[in-house]
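J.: Below is a structure I'd like to ask you about.
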Amino acid sequence: MAKGPWLAFVIFVLPGITACATPAPPRTVGSETPNNQCVLKDPDPEMACTRQYDPVCGCDGKTYGNACTARASGVPWSTPGACHGKGND
């Protein structure tokens, strides 16, 4: 029985497979900055986003069509759903 290839599989390949199968921990709102601060970044007009409408409320209090368009606008984090309040209803 050839143990070399099997041992190499167990040592090198199997950990890589299980690492890919392990989901990343869920991100929390405002995890990028302390105290949930909303520090806007420079907009990225080159970011390719779909036109799928899945509204999110940006940390800046504005509703965006989806999370990608919020990030492309420089908003570092958002929450699912439209914003409610001043002019967003």
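All residue numbers for the sequence shown refer to numbering that gives the first Met the number 0, where the first residue is 0 and numbers rise by one. Every residue, glycine too, gets a C-beta built ideally from N, C-alpha and C.
Once the 5 residues before and after residue 25 are set aside, which same chain residues still bring their CB inside 8 Å of it?
T.: Caution applies to residue 25, whose pLDDT of 43 falls short of 50 and renders its modelled position unreliable; the model cannot decide the point.
J.: Using the three-state DSSP reduction, which class does residue 37 fall into: helix, strand or coil?
T.: coil
J.: Are residue 62 and residue 56 closer than 7 Å when you measure CB to CB?
T.: Result yes, Cβ atoms of residue 62 and residue 56 sit closer than 7 Å.
J.: Take residue 70 as the anchor and find which of 38, 42, 4 has the nearest alpha-carbon.
T.: 42
J.: In terms of DSSP beta bridges, what is residue 62 paired with?
T.: 56
J.: Quick one, which of 66, 81, 80 has its alpha-carbon nearest residue 74's?
T.: Here the closest residue by C-alpha is 66.
J.: Would you give the residue range spanned by the beta strand (DSSP E) that residue 89 belongs to?
T.: For residue 89 there is no data in the structure shown, the boundaries of the chain being 0 and 88.
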